[in-house]
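The structure under discussion appears below in the form of structure tokens.
Protein chains: 2
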Amino acid sequence: MSDFPKSELNTVRRLPKRGHYDRDVIYPIVDEALICHVGFSIDGQPFVMPTIHTRINDTIYLHGAIANRMLNHINNGNSVCINVTHLDGIVFARSVFHHSMNYRSAVLFGKGRVVETYEERWRVFEALTEHIAKGRWNDARHPNETEDKTTKIVAVEIESASAKIRTGPVGDEEEDYVLPVWAGVLPLNVKAGEPEADSRLSEKTVVPDYIKNYRRTP
Amino acid sequence: MSDFPKSELNTVRRLPKRGHYDRDVIYPIVDEALICHVGFSIDGQPFVMPTIHTRINDTIYLHGAIANRMLNHINNGNSVCINVTHLDGIVFARSVFHHSMNYRSAVLFGKGRVVETYEERWRVFEALTEHIAKGRWNDARHPNETEDKTTKIVAVEIESASAKIRTGPVGDEEEDYVLPVWAGVLPLNVKAGEPEADSRLSEKTVVPDYIKNYRRTP
Numbered sequence: 004m005s006d007f008p009k010s011e012l013n014t015v016r017r018l019p020k021r022g023h024y025d026r027d028v029i030y031p032i033v034d035e036a037l038i039c040h041v042g043f044s045i046d047g048q049p050f051v052m053p054t055i056h057t058r059i060n061d062t063i064y065l066h067g068a069i070a071n072r073m074l075n076h077i078n079n080g081n082s083v084c085i086n087v088t089h090l091d092g093i094v095f096a097r098s099v100f101h102h103s104m105n106y107r108s109a110v111l112f113g114k115g116r117v118v119e120t121y122e123e124r125w126r127v128f129e130a131l132t133e134h135i136a137k138g139r140w141n142d143a144r145h146p147n148e149t150e151d152k153t154t155k156i157v158a159v160e161i162e163s164a165s166a167k168i169r170t171g172p173v174g175d176e177e178e179d180y181v182l183p184v185w186a187g188v189l190p191l192n193v194k195a196g197e198p199e200a201d202s203r204l205s206e207k208t209v210v211p212d213y214i215k216n217y218r219r220t221p
Numbered sequence: 004m005s006d007f008p009k010s011e012l013n014t015v016r017r018l019p020k021r022g023h024y025d026r027d028v029i030y031p032i033v034d035e036a037l038i039c040h041v042g043f044s045i046d047g048q049p050f051v052m053p054t055i056h057t058r059i060n061d062t063i064y065l066h067g068a069i070a071n072r073m074l075n076h077i078n079n080g081n082s083v084c085i086n087v088t089h090l091d092g093i094v095f096a097r098s099v100f101h102h103s104m105n106y107r108s109a110v111l112f113g114k115g116r117v118v119e120t121y122e123e124r125w126r127v128f129e130a131l132t133e134h135i136a137k138g139r140w141n142d143a144r145h146p147n148e149t150e151d152k153t154t155k156i157v158a159v160e161i162e163s164a165s166a167k168i169r170t171g172p173v174g175d176e177e178e179d180y181v182l183p184v185w186a187g188v189l190p191l192n193v194k195a196g197e198p199e200a201d202s203r204l205s206e207k208t209v210v211p212d213y214i215k216n217y218r219r220t221p
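In the order they appear, the protein sequences are chains A and B. FYI, my numbering numbers position 24 of the first sequence as 27, with every residue one higher than the one before it. FYI, my numbering numbers position 139 of the second sequence as 142, with every residue one higher than the one before it.
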């Protein structure tokens, strides 16, 4: 894929060597996350709301109830900033100052757009469901007319984006390496537990593989 | 503790029964999270940035490099919105429409304030370190003069806040319960892996208990 041009908006200024502008780096971070954090501003008041998202090419789709304030604001073509962050580990340094985290973070900038056609809406219903778990769209009952009518879907066209990534070990001051302080990385992972079947589920209904072996990463 | 008054800013409008305004509910959500998402707006352009935080009473503290744009904006007394969200599980319903997530989310609204005294700065260094892992402040080398000078710390006074929480099982339409679709909750947890000792660590240096048994929740 191709790079987003560096601009005032997306340039990583702190520790620029951690910055990435390639869609091939940014989009897997976005897709791995079940939810994103959406930032918007109404009359100068900033808001940040968590919500599930899905991505098709350079478009992020969000959904919710028809009266949802955030979605209506985005639908009106306003600017939004979307952040997705994965914490991969805590970096314990010998000094307080050099404590850090291993992370992969993506920040997307764009404007809202109305989703007008039924075809696009339906594609988004499918993409959102598949974003939760690949294979789910085939299994679950699809939206009926009432459900369709009460769901708002909005698009955010990604105009600018970047990722910031830290990996690797501790970086301490040379004179601190002799200190008798444990230093290293503590990995963090999001793990799925045992699926808890609904109490009204027939015993014949087996757990699908995409739930039994649930993973966000490929 | 006491409730935040409900206002235009913090009232949970979608599914109001999931809304909470009590500090006793909101603050444990904030404290459990290693990082938060900070929303701010510069000349109408919204930004969302992830960063580590720590809380002392009704104040959130953030830190970073002296030239950090977000911190300087907050330091100037501007409004910010801070969101913290824990994903506790995916709710797989028989219908696409009733898919959901179990989550605990806190949203905080406030304004930035300069941290003026050396005493407050030092309290924040300690609180930030203890926020990473309780016990770490005693073990790691404390900031020296240069590190102190190159670190910006800003305070956000929490003026308004709320939490939104979903727990419990699937809620399907009555007529869907007969469908042969697996339904239930898939729990999600953040788990710490095996600590990876730094390659220059002396073999005599043992892993502290707060790292070996790392947990965000008490």
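Every residue, glycine too, gets a C-beta built ideally from N, C-alpha and C. Owing to the predicted nature of the structure, the values given are computational and were not obtained by experimental measurement.
Alpha carbons only, please: which of the options is nearest the one belonging to residue i?
i	options	result
residue 87 (chain B)	B:61, B:31 and B:73	B:31
residue 36 (chain B)	B:115, B:152, B:141 and B:108	B:108
residue 34 (chain B)	B:187, B:151, B:15 and B:85	B:85
residue 49 (chain A)	B:42, B:216 and B:75	B:42
residue 214 (chain A)	A:125, A:46, A:161 and A:196	A:196
residue 116 (chain A)	A:146, A:175, A:17 and A:162	A:162
residue 69 (chain A)	A:205, A:170 and A:156	A:156
residue 78 (chain A)	A:137, A:149, A:100 and A:158	A:158
residue 219 (chain A)	A:193, A:212 and A:199	A:193
residue 139 (chain B)	A:122, A:170 and A:101	A:101
residue 184 (chain B)	B:105, B:210, B:176 and B:98	B:98
residue 189 (chain A)	B:189, B:188, B:198 and B:181	B:198
residue 110 (chain A)	A:209, A:14 and A:210	A:14
residue 38 (chain B)	A:106, A:208 and A:209	A:106
Give me the DSSP bridge partner(s) of residue i.
i	result
residue 43 (chain A)	A:50
residue 156 (chain B)	B:66
residue 112 (chain B)	B:84 and B:163
residue 106 (chain A)	A:90 and A:169
residue 95 (chain B)	B:187
residue 3 (chain B)	Only positions 4 to 221 of chain B appear in the structure, and residue 3 (chain B) is not among them; the question remains open.
residue 23 (chain A)	A:166
residue 56 (chain B)	B:65
residue 6 (chain A)	A:25
residue 117 (chain A)	A:157
residue 38 (chain A)	A:55
residue 143 (chain A)	Answer is none; residue 143 (chain A) lacks a bridge partner.
residue 2 (chain B)	With chain B covering only 4 through 221, there is no way to say anything about residue 2 (chain B).
Output needed for residue i: all residues of its chain with C-beta closer than 8 Å, excluding positions within five of it in sequence on either side, in chain order.
i	result
residue 57 (chain B)	63, 64, 127, 130, 131, 133 and 134
residue 191 (chain A)	90, 91, 92 and 93
residue 118 (chain A)	64, 124, 127, 156, 157 and 158
May I have the straight-line CA-CA distance separating residue i from residue j, to the nearest angstrom?
i	j	result
residue 96 (chain A)	residue 53 (chain B)	21 Å
residue 291 (chain B)	residue 165 (chain B)	The shown model of chain B, from 4 to 221, leaves out residue 291 (chain B), and the question about it has no answer.
residue 19 (chain B)	residue 168 (chain B)	10 Å
residue 9 (chain B)	residue 80 (chain B)	23 Å
residue 124 (chain B)	residue 103 (chain A)	19 Å
residue 172 (chain B)	residue 145 (chain B)	47 Å
residue 6 (chain B)	residue 203 (chain B)	49 Å
residue 186 (chain B)	residue 82 (chain A)	37 Å
residue 67 (chain A)	residue 137 (chain B)	39 Å
residue 200 (chain B)	residue 147 (chain B)	25 Å
residue 143 (chain A)	residue 212 (chain A)	14 Å
residue 23 (chain B)	residue 29 (chain B)	7 Å
residue 176 (chain A)	residue 153 (chain B)	15 Å
residue 206 (chain A)	residue 170 (chain B)	24 Å
residue 47 (chain A)	residue 216 (chain B)	44 Å
residue 174 (chain B)	residue 27 (chain A)	38 Å
residue 222 (chain B)	residue 121 (chain A)	In the structure as shown, chain B starts at 4 and stops at 221, and residue 222 (chain B) therefore has no counterpart that could be examined.
residue 1 (chain B)	residue 21 (chain B)	Given that chain B is displayed from residue 4 to residue 221, the structure contains no residue 1 (chain B) and the question cannot be resolved.
residue 180 (chain B)	residue 17 (chain B)	25 Å
residue 210 (chain B)	residue 182 (chain B)	51 Å
In its own chain, which residues sit with a C-beta less than 7 Å from the C-beta of residue i, not counting the 5 before and 5 after it?
i	result
residue 151 (chain B)	none
residue 12 (chain B)	112 and 163
residue 1 (chain A)	The requested residue 1 (chain A) is not part of the displayed model; chain A covers only 4 to 221.
residue 160 (chain B)	61, 62, 113, 114 and 116
residue 74 (chain B)	65, 67, 155 and 157
residue 76 (chain B)	43 and 45
I'd like the list of long-range same chain contacts for residue i, defined as Cβ closer than 6 Å, with 5 residues on each side in sequence excluded.
i	result
residue 40 (chain B)	51, 53 and 86
residue 44 (chain B)	none
Residues in the region 185 to 197 of chain A having any Cβ partner in chain B nearer than 8 Å
185, 186, 187, 188, 189, 190, 191, 192, 193, 194, 195, 196 and 197
Residues in the region 114 to 137 of chain B having any Cβ partner in chain A nearer than 7 Å:
Residues 128, 132 and 135.
Contacting positions in the region 95 to 108 of chain B - beta carbon closer than 8 Å to chain A:
Here the close residues are 95, 96, 97, 98, 99, 100, 102, 104, 106 and 108.
Where the region 25 to 37 of chain A meets chain B: residues whose CB sits under 7 Å from a CB there:
37
Between the region 142 to 157 of chain A and chain B, which residues of the former have CB atoms less than 7 Å from a CB of the latter, in chain order?
142, 143, 144, 145, 146 and 150
In the region 66 to 81 of chain B, which residues sit with their C-beta less than 9 Å from some C-beta in chain A, listed in chain order?
67, 68, 70, 71, 72 and 81
Short-range partners of chain A found in the region 170 to 183 of chain B, where Cβ spacing is below 7 Å
The residues in question are 172, 173, 179, 180, 182 and 183.
Chain A contacts from the region 39 to 57 of chain B (Cβ-Cβ distance under 8 Å)
40, 41, 42, 43, 44, 47, 48, 49, 50, 51, 52, 53 and 55
Short of 8 Å Cβ to Cβ, which residues in the region 197 to 215 of chain A face chain B?
197, 198, 199, 200, 201, 202, 203, 204, 205, 207, 208, 209, 210, 211 and 214
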